[in-house]
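Student: Heads up: the sequence shown begins at 1 in full-length UniProt numbering, then just goes up one per residue. The beta carbon of each residue, even a glycine, is placed where N, CA and C say it ideally should be. Starting off with a structure, shown below.
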Amino acid sequence: MRNRKFSWKRFGKRLLYTGLVFVGLLLIGFIYLYCVAIDYPPKPADLSSLQLQRKQPSPGFYTINNNWFRKSKSGLFEMYVEGKPFERGVINGKLSKELVVNQEVYFTDQINKIIPSKSYLSFLKYFIAWFNRDLAKNVSEEYKEEIYGISKSASDKYQYIGSNYQRILNYHAAHDIGHALQSMALVGCTSFGTWNDRSADGTMIVGRNFDFYVGDNFAHDKIVAFFNPSEGHKFMTITWGGFVGAVSGMNEKGLSVTINADKTNIPSGSATPVSLVAREILQYAQNINEAIAIAKKRKMFVSESFLVASAEDNKAVVIEKTPDTLDVYDPHQNYIVCANHFQSKGLAHSKENLVQLSNSASPYRYQRLMELLNAEGKNTVQKTVDILRDRQGLHGEDIGMGNEKALNQLIAHHSVVFEPQKLLVWVSTSPWQLGQFVAYDLKKIFAMKGMQTDHEVIDSALTIKPDPFLNTRAYHDFITFRTLKQKAFDGGKINPDSVVASNPQFYHAYVIAGDYLFKHNDYKKALGYYKTALTKVVATVNEENYIKKQVEKCTKKLSS
């Protein structure tokens, strides 16, 4: 009896010891997370730019020395910034302060919609801090200084998430983190180019859709930004408030860069954000070899394709980069096509790429693009825009509005066309790529010596008209569909028949209707909608499997 009592005492001590060790490890873990969550800002040598004040010569038009910011009649914001890294960032932030603040509001609001749980959001904060623990080590001092400068204009409202600098720095990896964590449900961007005998006038034409969606508000305040850095080349990008990376852009040497996400494994931590690699190429490369050299020296944590078109080389290639490997796809012909899968010899047959080819919408979109490129003669800027606006499936089939297998998924943040040899850029205006495409002549804009009075900088003679689709019943039906879809997502009351009627060829309309009825225990009607969805063109294997599982669930419910 005495021995038994003694053993319980020993057990209690061991339990207490184990508990203290666990608490200690937990405490160490939180301290570690707190430490890695703090990215200490750089220390610029010259802080005098903080004293600069923006002027407002007229409503909505702001200047700081030669730098300026305005809103075009097209609805696009336009900005010109010059100088050293920290100075550029400070001026960028001061000129576009309202957009920097609003963009963070839009971004966090969208996150709160997707993840309404405050406790999970708190956990996510520490997860991202851990995930981004090496982010600052993989960002050049130049871009850290520029980001630090912009952060001076960020809102203090979100200090509970992190310091202004820490947040703005981390937002530059948002595309990569979203890509990594949702790799099985990539939304697909598309890009392509033609030159020599594939273009009507023989010059290079590059087009791209950037289908990155973080809510309607996020895409509302687009900025066409022109940069004249103290080092490197002048360049332009299509961007948003607080963002110095590049997703679509062209420099004064006629070198353009666009990025397309590819299938990637979930990484253990961050490295250099894709957008900053693209930005470095724009700023420091004037030909394809220089672009490849820059991509090689940067470590990334997701897989990405960089379509690089070069006026100097008179061709385009795709730099395909994974966290471990880099290869280059050179078509050795006068056109190039890029969706969301690799094409180079070294990566085309990788395990991840084969999964992407079999499960995603990427190969279908690629085939549709080839159909359109081969139709109706040689390529022009207008034909490029028409292709980017195409909503149909293979052979012109109606696959529903918003299908991921379409080139135009009606979610694009922006669409853009480059003519590298002419230094001309066309940028889409809202909604998506359906509004006007307005033209910018980079030779004229980079030759400007500041802007003292507000005036348009687009070349109005080159403006491409809005898509006639905007004036159709089908477009208004699609807007109705989007409204009902959002209402269903928010848990509101909808009429399933109305959802389907607003987009009758889109499989997802039937899924929305089926999910709504399943949730309300009407399994018979839900089953009918799910079965009809399977008769439509479903975008991905994962979505098709989901619908089939719902059919099984409904069948079991009805037979029980």
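What are the boundary residues of the beta strand (DSSP E) that includes residue 458?
Tutor: Careful: residue 458 lies outside any beta strand (DSSP E) and carries neither H nor E.
Student: Rounded to whole angstroms, what is the Cα-Cα separation between residue 554 and residue 206?
Tutor: If you take the alpha carbons of residue 554 and residue 206, they lie about 47 Å apart.
Student: Quick one: any contact between the segment 387 to 397 and the segment 359 to 377, if contact means 3 or more CB pairs under 8 Å?
Tutor: Result yes; three or more Cβ-Cβ pairs closer than 8 Å.
Student: Leaving aside the five residues before and after residue 73 along the sequence, list all residues of the same chain whose C-beta is less than 7 Å from its C-beta, in chain order.
Tutor: Excluding sequence neighbours, residue 73 sits near 456.
Student: Report yes or no: is there a C-beta of chain D within less than 7 Å of the C-beta of residue 372?
Tutor: Among the chains of the structure shown, chain D does not appear; only one protein chain is present.
Student: Taking 6 Å as the cut-off, is the beta-carbon of residue 257 closer than that to any non-hydrogen atom of the ligand FAD?
Tutor: Among the components of this structure there are no ligands whatsoever, and the ligand FAD is therefore not found.
Student: Could you tell me the boundaries of the alpha helix (DSSP H) in which residue 71 lies?
Tutor: Element bounds for residue 71: not the alpha helix (DSSP H) but the beta strand (DSSP E), 67 to 71.
Student: Please confirm whether residue 539 and residue 512 have their CB atoms less than 7 Å apart.
Tutor: Not closer than 7 Å, so no.
Student: Figure out for me which residue from 521, 517, 480 has the closest Cα to the Cα of residue 502.
Tutor: Residue 480 is the option with its Cα nearest to residue 502.
Student: Does the Cβ-Cβ distance between residue 208 and residue 248 come in under 7 Å?
Tutor: Yes, the Cβ-Cβ distance between residue 208 and residue 248 is below 7 Å.
Student: Using beta-carbon positions only, say whether residue 54 and residue 95 come within less than 7 Å of one another.
Tutor: Cβ distance < 7 Å, so residue 54 and residue 95 count as in contact.
Student: Please determine, among 531, 317, 393, 79, the residue with the shortest C-alpha to C-alpha distance to residue 362.
Tutor: Considering only alpha carbons, the answer is 393.
Student: Since residue 506 is in the alpha helix (DSSP H), which residue starts that stretch and which ends it?
Tutor: It is not in any alpha helix (DSSP H) - residue 506 carries neither H nor E in the DSSP assignment.
Student: Residue ranges of each beta strand (DSSP E) run of no fewer than 3 residues wholly in the segment 207 to 256, ordered along the chain?
Tutor: Here the runs fully enclosed are 223 to 229, 235 to 239, 248 to 251.
Student: Could you tell me the boundaries of the beta strand (DSSP E) in which residue 57 lies?
Tutor: Residues 55 to 58.
Student: Can you grab the Cα-Cα spacing for the pair residue 343 / residue 195, in whole Å?
Tutor: Taking the straight line from one Cα to the other gives about 20 Å.
Student: Looking at residue 44 and residue 141, is the spacing between their C-beta atoms short of 7 Å?
Tutor: In this structure, residue 44 does not lie closer than 7 Å to residue 141 by Cβ.
Student: Ends of the beta strand (DSSP E) at residue 271?
Tutor: Run containing residue 271: none; DSSP gives neither H nor E here.
Student: What residues in its chain sit with their C-beta under 8 Å from that of residue 210, if we drop five residues either side in the sequence?
Tutor: 189, 238, 247, 248, 258, 412, 413, 414, 415, 416.
Student: How many Å lie between residue 135 and residue 272 at the Cα?
Tutor: So the alpha carbons of these two residues sit roughly 7 Å apart.
Student: For residue 313, which residues in the same chain have their Cβ closer than 6 Å to its Cβ, ignoring the five residues on either side in sequence?
Tutor: 287, 288, listed in sequence order.
Student: Fully enclosed by the segment 507 to 553, which alpha helix (DSSP H) runs are 4 residues long or longer?
Tutor: Entirely contained in the segment 507 to 553, the alpha helix (DSSP H) runs reaching 4 residues are, in chain order, 507 to 519, 523 to 533.
Student: Within this structure, are the beta carbons of residue 251 and residue 276 separated by less than 7 Å?
Tutor: The answer is no: Cβ separation not under 7 Å.
Student: Need the endpoints of the alpha helix (DSSP H) that residue 410 sits in, please.
Tutor: First-last for residue 410: undefined, no H or E at that position.
Student: For residue 330, count neighbouring C-beta atoms within 10 Å of its own C-beta (all shown protein chains included) and say buried if the count is 16 or more, exposed if not.
Tutor: Residue 330 is exposed by the Cβ-count criterion.
Student: Using CA atoms only, rank isn't needed, just tell me which of 223, 523, 311, 407 is closest to residue 75.
Tutor: Ranking the options by Cα distance to residue 75, first place goes to 223.
Student: Quick one, which of 351, 103, 204, 47 has its alpha-carbon nearest residue 425's?
Tutor: Looking at the Cα atoms, 204 is the closest of the given residues.
Student: If you draw a straight line from the C-alpha of residue 551 to the C-alpha of residue 531, how long is it?
Tutor: So the two alpha carbons sit approximately 7 Å from each other.
Student: Only counting runs of 3 or more residues, tell me where the beta strand (DSSP E) segments fall wholly within the segment 301 to 339, in order along the chain.
Tutor: Runs found: 304 to 310, 315 to 321, 326 to 329, 335 to 338.
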